[in-house]
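Visitor: Input: one structure, supplied below.
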Amino acid sequence: MVLPVEEKLVHSIRFSSVGPGRVTGTDVVHHPKPMDLAMKLHYLRGIYYFSGQATRGLTTKVIKESMFLWLNEYYVTCGRFRRSPDTGRPFMKCNDCGVRFIEAKCDKTIHEWLEMLKENCELRKLLVSDQVIGPDLPFSPPLLIQITIFKCGGFALSLNWAHILGDALSVVDFINRWAQIISGLPANGLKQLHVSDRSSTAQKTPTKANQEPVSLIPVEPVGDMWTYSSKCKMGTFALHLTLPHLKHLRSKFFGHVKPEKVPLFESICAIFWRWIADVKEGEPQVVTICKGDPSKRAIRSISNSQKISAVRADFSVKGSDPHELLCLLVDRATWENAQIEEVVERDYGVSDFIIYGGNLTFVDIGEADLYGIELKEHKPLFADYTIEGLGDEGVIVILPAPNDPKSSGDHDTGGMIVTMTLPESLLSKLKVVLMNNGMLQYDSIFS
């Protein structure tokens, strides 16, 4: 929870709604797929920080006018959920009710804010809405956008995105498209939106008991309040793995392996899986892996097309060789999308589940074009995403860092950001491990 003294850092908050510039139509309905419904209790929350040079002239009026065109393409984000009177299955009524638009001010500069954020990741919650869907479905927007203007003239653009709409690749493509529209690129229609084949990719025969997805965790019914709260207090910490850090870790743990056999995402997962097992009571034998799948995406569509896999270690992870864990992650991951969809369909999509945090979960956002968004030819100073609605095992999100401004090149010079949302008691122990391994001795990426 954010303390009252911190709440004063962000003030002058105003609410409004913005919808498409044209009427979508009458009786337009969007039917979520089983994988969408599996994500119903989760939320993606992203924040982009732009300098005053990038935002000069972008008044609220200009931003809202660009949103009219933007939301013409993505009108599903402006709808409201209902339940089928026959089955109770959720569906989206595309009625142009709009996204919630929040304006706020902060008396700090962006660089002052980012330095504060380095010390206290919880401050990010002041810049992004924490509203969830429910309990009144017809009045709950699945998307909330906040613009927070800093003293220096720059602003933070944040999204509170209901995961039932789509995965991380979807939301990144979505916000990148807004930047294109506000820069004057022509608008087009959203492709492959009307999804009525509710079980198109689900298995046609019941899953055998030994095929039950271990990444999908059933929870007690939540009714129309679409959120899940962990049973323990969670904390968030973001770590910048610079290129020298990544080179050091590769040499230390995988120096005897050919570089092409050490994929970046899986190698980071293996190391953190081992480190967490070293300090956690009841070491995690099973982890869930979520990776974007660009091959399954249509241009300007939103969907939950990410690959969800489970990996089980049949040996003690504590003190193990990270290379053994890497081999499991690369060669033994079980893709569970079909099983997840079959389970969700068993009762017409009415039951409630979690995926993130049901097991220790690693999420790869490296495939997303996180810094593809540009305003006046300026990329964000920094961008990050967290996931809310987690189970007790927590989640680790791995995403690209901004390029090093001191580098002569402009491609992949910043390293990676590892954002951990874990039980506070575990997080404090993990920080000791990070310190002992030299991971906390770094220059701020914001300096």
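FYI, the numbering for the sequence shown is 595 to 1041, going by the working numbering. In this text, a Cβ means the ideal position worked out from N, Cα and C, and glycines have one as well.
1) Is Glu-875 buried or exposed, if buried means 16 or more other CB atoms sit within 10 Å of its CB?
2) Considering just the uninterrupted stretch of the alpha helix (DSSP H) at Ile-657, what are its terminal residues?
3) Is it buried or exposed, Arg-926, if we count other Cβ atoms within 10 angstroms and call 16 or more buried?
4) Under the three-state reduction of DSSP, which class applies to Lys-687: helix, strand or coil?
5) Let me confirm a value: Met-1029 is counted as buried when at least 16 other C-beta atoms fall within 10 Å, else exposed. Which label applies?
6) Helix, strand or coil for Pro-628 per DSSP?
7) Which residues bound the beta strand (DSSP E) around Arg-844?
8) What residue range does the alpha helix (DSSP H) around Ala-762 cover?
9) Quick check: the segment 678-688 against the segment 950-967, are there 3 or more CB pairs under 8 Å?
10) Does the Cβ of Met-835 have 16 or more other Cβ atoms within 10 Å, making it buried, or fewer, making it exposed?
11) Quick one: complete beta strand (DSSP E) runs, 3+ long, within the segment 860-915?
12) Taking three-plus beta-carbon pairs below 8 Å as touching, is the segment 638-648 in contact with the segment 973-981?
13) To test your reading of the DSSP string, which unbroken beta strand (DSSP E) runs of 3 or more residues are found completely within the segment 931-1019?
14) Do Pro-1017 and Asp-986 have their C-beta atoms closer together than 8 Å?
15) Compute the distance between the beta-carbons of Lys-687 and Gly-673, then report whether it is under 8 Å.
16) Tell me whether the beta-carbon of Glu-828 lies closer than 8 Å to the beta-carbon of Gly-983.
17) What does DSSP give as the partner residues of Trp-820 in its beta bridges?
18) Count the other C-beta atoms from every protein chain shown that fall within 10 angstroms of the C-beta of Cys-884, then say buried if there are 16 or more, exposed otherwise.
Guide: Once the coordinates are examined:
1) Here residue 875 corresponds to residue number 281 of the sequence shown, with the count starting at 1. By the neighbour-count rule (16 or more Cβ atoms within 10 Å), Glu-875 is not buried but exposed.
2) Translated into positions along the sequence shown, residue 657 becomes position 63. Following the DSSP letters along the chain, one finds Ile-657 inside the alpha helix (DSSP H) bounded by residues 654-667.
3) The residue given as residue 926 occupies position 332 in the sequence shown. Result: exposed.
4) Counted from its first residue, the sequence shown places residue 687 at position 93. Lys-687: strand per DSSP, three-state reduction.
5) As a first step, residue 1029 must be located in the sequence shown, where it is residue number 435. So Met-1029 ends up on the exposed side.
6) As a first step, residue 628 must be located in the sequence shown, where it is residue number 34. In the structure shown, Pro-628 falls within a helical segment according to DSSP collapsed to helix, strand and coil.
7) Here residue 844 refers to the residue found at position 250 when the sequence shown is read from its first residue. Here Arg-844 belongs to no beta strand (DSSP E); instead the alpha helix (DSSP H) covers 837-848.
8) Here residue 762 refers to the residue found at position 168 of the sequence shown. Bounds of the alpha helix (DSSP H) holding Ala-762 are 762-776.
9) By the Cβ criterion, the segment 678-688 is not in contact with the segment 950-967, since fewer than three pairs of Cβ atoms, one from each stretch, lie closer than 8 Å.
10) Counting from one through the sequence shown, the residue named residue 835 turns up at place 241. Sequence check: residue 835 is Leu here, not Met. Looking at its Cβ environment, which holds 16 or more other Cβ atoms inside 10 Å, Leu-835 is buried.
11) Runs found: 880-885 and 901-906.
12) With a cut-off of 8 Å, the segment 973-981 and the segment 638-648 count as touching, because enough Cβ pairs lie within range.
13) For the segment 931-1019, whole beta strand (DSSP E) runs of length 3 or above, ordered along the chain, are 954-958, 976-982, 989-994 and 1010-1017.
14) Indexing the sequence shown from 1 puts residue 1017 at position 423. Indexing the sequence shown from 1 puts residue 986 at position 392. Less than 8 Å separates the beta-carbon of Pro-1017 from that of Asp-986.
15) For the purposes of this step, residue 687 is taken as residue 93 along the sequence shown, with counting starting at 1. For the purposes of this step, residue 673 is taken as residue 79 along the sequence shown, with counting starting at 1. Yes, Cβ-Cβ distance for Lys-687 and Gly-673 is below 8 Å.
16) Counted from its first residue, the sequence shown places residue 828 at position 234. Counted from its first residue, the sequence shown places residue 983 at position 389. In the sequence as displayed, the identity of residue 828 is Met instead of Glu. No, these two residues do not count as a Cβ contact at 8 Å.
17) Within the sequence shown, numbered from 1, the residue matching residue 820 stands at position 226. Ile-727.
18) Here residue 884 refers to the residue found at position 290 when the sequence shown is read from its first residue. Around the beta-carbon of Cys-884, 16 or more other beta-carbon atoms lie within 10 Å, marking it buried.
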